[in-house]
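Heads up: the sequence shown at position 233 corresponds to 232 in numbering that gives the first Met the number 0, and the numbers run straight through without jumps.
Ideal Cβ positions, reconstructed from N, Cα and C, are used throughout, including at glycine.
This one's a predicted model, so the numbers in the text were calculated from it and none came from an experiment.
Taking it in order: structure first as structure tokens, then the write-up.
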Amino acid sequence: MNQTKDITGVRSAKLLMISLVVARGMSFMFSKTLLFNMGPFSLLGIRFLLAFLLLFAFFYKRVLAELQKDPKILFAGLALGAVYFICMSCELVGLQYTSSSTCAFLENSAIAMVPILEALLTHKAPSLRIILSCFMTCIGIAMITLNGGIRSFGLGEFLCCIAAFAFACAIILNDRCTKKHDAFSIGILHVGFIGLTALLVAFAFETPHLPETGTQWMMLLMLTLICTCLGFTLQPVAQRKISAQTTGILFGLNPLTAAVCGWIFLRESMTPLGIAGGILIVNGIIPTNTFPEP
């Protein structure tokens, strides 16, 4: 009976993670539009701080109670928030020096980095199905994002590689922290840390301002409620029952979601190669959801 409950719990966690990755993949569509009128750090700071304030207003009793029982939750949230801030900052700055397609591919190479880092940390080689899933997913991402290939390697590409490494570290750190502490509290605290840090950087290098039109406010609210409150806060909750390798592979749906949303809502092109890449990503993810966790 307990084994059946564990299997059901793992499957539920994977379904939750898939929905969160899809939610986060939608953020590219809203961010791309808002960045025409807002600085990247201003958008990042307002988005995450607003999400934190909304979440804390509803769940402050639980967060404070968990902090009282386990003060280390605060440090776990700060550490995770710092790693995610490095990831997203390098991504935003890197986009100023390289194409969005190159950035998307390089950052999502974290999918391949996660099992390598896990192998180094645990001194245990990843399973064959994890290796196969990573390979298929990375090839699929390349087919979706790299229309013209990577023509050079400069500052932008270097920053995107740092973002990928930070993203892989965030997935592994999430895995370690959620096994020891309250995952939901960590999810709320790390969102607040990202928002506060981004807003401080925005005041130093930008002129922060709020959205000016109703459409911009709607997009900001979608970013806040769907992509951040759900996409970021609940990742630690979902990852508590699944491995870091599986989480990394499931994030292959992120660029696929961004491509589909861009095709539907922003009238961006979807090439036959991109469609084939999407099919490859889905087929790369299937093995991680068909068999039990390693």
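- It is roughly 7 Å from the alpha-carbon of Gly-44 to the alpha-carbon of Thr-196.
- If you draw a straight line from the Cα of Ile-143 to the Cα of Met-25, it is about 16 Å long.
- Restricted to the region 69-122, the alpha helix (DSSP H) segments that are unbroken, complete and at least 4 residues in length are 71-93, 99-106 and 109-121, listed in chain order.
- In the displayed model, Gly-191 falls within a helix according to three-state DSSP.
- Contact between Ala-165 and Ile-110 fails: their C-beta atoms lie close to 14 Å from each other, not under 8 Å.
- Rounded to whole angstroms, the gap between the alpha carbons of Ile-284 and Ile-171 is 18 Å.
- Here Gly-277 carries a helix assignment [DSSP, helix/strand/coil].
- For the set Cys-176, Ala-124, Ala-275 and Lys-60, the Cα lying nearest the Cα of Phe-74 is the one of Cys-176.
- Distance from the CA atom of Ala-22 to the CA atom of Cys-226, rounded to whole angstroms, is 5 Å.
- Excluding five sequence positions before and after Leu-42, the CB atoms of its chain that fall closer than 7 Å to its own CB belong to Ser-30, Leu-33 and Leu-34, given in chain order.
- A direct Cα-to-Cα measurement between Gln-215 and Met-87 gives close to 21 Å.
- For the pair Leu-54 and Cys-228, the CB atoms are nearer than the 8 Å cut-off.
- An exposed status is given to Leu-199, since fewer than 16 other beta-carbon atoms sit within 10 Å of its beta-carbon.
- Put simply, the backbone Cα of Gly-194 is about 19 Å away from that of Leu-19.
- The beta carbon of Ala-162 is closer than 6 Å to those of Cys-86, Cys-89, Glu-90 and Glu-106 in its chain, skipping five residues each way along the sequence.
- Ranked by Cα distance from Asp-174, the options Gln-244, Cys-160, Gly-277 and Pro-70 are led by Gln-244.
- Taking Trp-262 as the centre and dropping the five residues before and after it, the same chain places the C-beta of Ser-268 and Met-269 closer than 8 Å to its C-beta, in chain order.
- Relative to the Cα of Leu-52, the nearest Cα in the group Val-190, Ile-129 and Ile-72 belongs to Val-190.
- The three-state secondary structure of Lys-240, taken from DSSP, is coil.
- Boundaries for Gly-230: no alpha helix (DSSP H) harbours it, and the DSSP string shows neither H nor E there.
- Annotated three-state conformation of Met-28 is helix, per DSSP.
- Under the three-state reduction of DSSP, Met-269 is assigned to coil, being neither helix nor strand.
- Apart from the 5 residues on each side of it in sequence, Val-236 sits with its Cβ closer than 6 Å to the Cβ of Ala-182 and Phe-183 in its chain, given in chain order.
- In the structure shown, the three-state DSSP call for Phe-202 is helix.
- In the three-state DSSP reduction, Glu-211 falls in the coil class, being neither helix nor strand.
- Ranked by Cα distance from Phe-192, the options Ala-56, Thr-136 and Phe-47 are led by Phe-47.
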